[in-house]
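Q: Heads up: the protein sequence lines correspond to chains E and W, in order. All residue numbers for the first sequence refer to our numbering, where the first residue is 1 and numbers rise by one. All residue numbers for the second sequence refer to our numbering, where the first residue is 96 and numbers rise by one.
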Amino acid sequence: MSNKEWPLWEVFIRSKQGLNHKHVGSLRAPDATLALDNARDVYTRRSEGISIWVVESNYIHASDPSDADSFFEPSDTKVYRHPTFYDVPDGIKHM
Amino acid sequence: MKPMDLQELEKRFQEKIDKEIKIEPNDWMPDEYRKTLIRQISQHAHSEIVGMLPEGNWITRAPNLRRKAVLLAKVQDEAGHGLYLYSSVETLGADREETIDDLHSGKAKYSSIFNYPAVTWADIGTIGWLVDGAAIMNQVALCRCSYGPYARGMVKICKEESFHQRQGFESLVTLCNGTPTQKAMAQDAMNRFWWPALMMFGPSDDESPNSAQSMKWKIKRFSNDELRQSFVDATVPQAEILGLTIPDPNLKWNEETGHYDFSPINWDEFWQVVNGNGPCNKERIEARTKAKEEGMWVREAAMAYAEKRALKKTA
Chain E
1 MSNKEWPLWE VFIRSKQGLN HKHVGSLRAP DATLALDNAR DVYTRRSEGI
51 SIWVVESNYI HASDPSDADS FFEPSDTKVY RHPTFYDVPD GIKHM
Chain W
96 MKPMDLQELE KRFQEKIDKE IKIEPNDWMP DEYRKTLIRQ ISQHAHSEIV
146 GMLPEGNWIT RAPNLRRKAV LLAKVQDEAG HGLYLYSSVE TLGADREETI
196 DDLHSGKAKY SSIFNYPAVT WADIGTIGWL VDGAAIMNQV ALCRCSYGPY
246 ARGMVKICKE ESFHQRQGFE SLVTLCNGTP TQKAMAQDAM NRFWWPALMM
296 FGPSDDESPN SAQSMKWKIK RFSNDELRQS FVDATVPQAE ILGLTIPDPN
346 LKWNEETGHY DFSPINWDEF WQVVNGNGPC NKERIEARTK AKEEGMWVRE
396 AAMAYAEKRA LKKTA
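1. Helix, strand or coil: which one does DSSP assign to GLU48/E?
2. Under 7 Å, do GLY175/W and VAL11/E count as touching if we go by C-beta distance?
3. Do you know how far the Cα of ARG316/W is from the Cα of ALA236/W?
4. Does any residue of chain W have a CB that is nearer than 7 Å to the CB of LYS16/E?
5. Quick check on SER182/W - is its C-beta less than 7 Å from some C-beta in chain E?
6. With DSSP run on the structure shown, which of helix, strand or coil describes MET1/E?
7. In chain W, which residues lie with their C-beta within 7 Å of the C-beta of LYS4/E?
8. Do GLN260/W and VAL165/W have their C-beta atoms within less than 7 Å of each other?
9. Helix, strand or coil: how does DSSP classify ARG316/W here?
10. Reducing DSSP to helix, strand and coil, say where HIS259/W ends up.
11. Secondary structure at ASP356/W, three-state DSSP: helix, strand or coil?
12. Return the CA-CA distance between SER2/E and PHE209/W, expressed in angstroms with no decimal places.
13. Give me the Cβ distance between PHE357/W and LEU322/W, rounded to the nearest whole Å; I'm assuming they're in contact under 8 Å.
14. Since THR215/W and MET280/W are thought to touch, with beta carbons under 8 Å apart, how far apart are those beta carbons, to the nearest angstrom?
15. Please list the terminal residues of the continuous alpha helix (DSSP H) segment that includes HIS21/E.
16. Would you kindly check if the distance between the Cβ of GLY220/W and the Cβ of LEU267/W is under 7 Å?
17. How long is the line joining the alpha carbons of THR409/W and GLN109/W, rounded to whole angstroms?
18. List, in order along the chain, the chain E residues whose C-beta lies closer than 7 Å to that of TYR425/W?
19. How big is the Cα-Cα spacing for ALA382/W and LEU198/W?
20. Could you tell me whether the Cβ of TRP126/W comes closer than 7 Å to any Cβ of chain E?
21. Can you find at least 3 beta carbon pairs, one from the region 114-126 of chain W and one from the region 142-154 of chain W, that sit closer than 8 Å?
22. Using only the alpha-carbon positions, how far apart do ILE60/E and PRO30/E sit?
23. In the structure shown, what three-state DSSP assignment does LYS347/W receive?
24. Any idea what DSSP makes of VAL368/W, helix, strand or coil?
25. Name, please, each residue of chain E whose Cβ falls closer than 8 Å to the Cβ of GLU119/W.
26. Less than 8 Å between C-beta atoms, sequence neighbours within five positions excluded: which residues of the same chain meet that for ALA246/W?
27. Any beta carbon of chain E sitting closer than 7 Å to that of ASP301/W?
28. Pull up the DSSP beta-bridge partners for TYR414/W, would you.
29. Are the beta-carbon atoms belonging to ARG28/E and TRP6/E less than 7 Å from one another?
30. Taking only beta-carbon positions, decide if VAL11/E is within less than 7 Å of chain W.
31. Name the residue from ASN319/W, ARG404/W, TYR355/W, THR384/W whose alpha carbon lies nearest to the alpha carbon of ALA229/W.
32. For LYS246/W, which residues in chain E fall below 9 Å Cβ to Cβ?
33. Just tell me which of THR186/W, ALA203/W, LYS377/W, GLU388/W has its CA closest to the CA of PRO212/W.
34. Determine the extent of the beta strand (DSSP E) in which GLU173/W is found, giving its start and end residues.
35. Any idea what DSSP makes of ILE252/W, helix, strand or coil?
36. Quick one: is ALA329/W near chain E, going by C-beta distance under 7 Å?
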């Protein structure tokens, strides 16, 4: 068995022009070129995409799910950021 | 960690499961939940990969170009499904290469159905119809699994699998409407694959000790026997359309239960095959081990090339 595994890559696919790239999964590949080729073969066998991004998983930084409550708390308390917070007088149709 | 903390974490975990909130890779989860999923997902991945072997053998022998292109696409899908699942098992902290080595050493299992040989062309149609049919029955239920990456992989797999069963059935329709010899070939395949297909759902509920916990954690949504019954109920009318006889003298519609009754399964055969004594166990593992060992130099060369190019860039 090889002592050096191929690095892990995260795969993001733009399904059509006008939409953003979306995470679809991961794969292993020795470099970015082969990661793109493999991503095409593994994740777009049925025309699921027109553009692919691959990012080595090592470079992804994630928020900690156990801190999610306090991390996202600042926005949870600010109901006035939503239009539904405001009273609109009767008779006003489009606002 | 203090024991109280652990209890509290487990309680919160179960509350999330009960509220149908999915568990994601970095979320806290009980060790046993992680271990169960690593075992189940890696064995599922192995099944996809080993499942390519009986069918791959027929790619060069397909009766015409259309069937060949279809079979090639199907086998390619199975490879893709194996890869989605290996990625998903890695999100649980499992080492991909280790799980593959566990397959080769015999420590990890795979679906016992792939230890039966595909000896005629009719077997290929039958595998698509019955084996993929049974797999889909299982996998549709797994789309609602509590573990996010596994559930998402299953959604993708199920979308792709739906053509697998249809192409098998279509191939059998052709054989069953063909010459008497072709029809007999289809019946022979049915006779050999029916019982192994029913065994794919695993041991009966009363012999399946881990099932209750997996149901509580919503890894499983239906018991082995429930899924097996759904499969029988769905498949009998399809066999009638083909004009094939299901090799079970006790198979009959039960008005009272609204289901088909069928004979008890030969569990001795099931355990023999699971424990390595099926017709092709040795051959399958040898083929997988050979693929890994003989392909190793390619993987090493690709890595060495990537490293060399990276060095050049920084120099």
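Ideal Cβ placement from N, Cα and C applies to all residues, glycine included. Remember, predicted model here, so these are calculated numbers, not experimental data.
A: According to the data block:
1. coil
2. no
3. 6 Å
4. no
5. yes
6. With a pLDDT of only 41 at MET1/E, under the threshold of 50, the placement of this residue in the model should not be trusted, and no figure is reported.
7. MET398
8. no
9. coil
10. helix
11. strand
12. Low per-residue confidence applies at SER2/E: pLDDT is 46, beneath 50, and the placement is therefore not dependable, though the value from the model is reported in the following sentence. Approximately 28 Å, taken between the alpha carbons.
13. About 14 Å; that fails the 8 Å criterion.
14. 5 Å
15. Where HIS21/E is concerned, there is no enclosing alpha helix (DSSP H), given that its DSSP letter is neither H nor E.
16. yes
17. 50 Å
18. The structure shown does not extend to residue 425/W, since chain W is modelled only from 96 to 410, so the question has no answer here.
19. 12 Å
20. Just to set this straight, residue 126/W is Asp in the shown sequence, not Trp. Output row for ASP126/W: interface = no.
21. no
22. 18 Å
23. strand
24. helix
25. PRO65
26. LYS117, LEU237, CYS238, ARG239, CYS240
27. no
28. With chain W running from 96 to 410 in the structure shown, residue 414/W is simply not present.
29. yes
30. no
31. ASN319/W
32. It should be pointed out that residue 246/W corresponds to Ala in this sequence rather than to Lys. What ALA246/W touches in chain E: nothing, since even the nearest Cβ is about 13 Å away.
33. LYS377/W
34. Looking at the DSSP string, GLU173/W is not in any beta strand (DSSP E); the run it does join, the alpha helix (DSSP H), is 160-185.
35. helix
36. no
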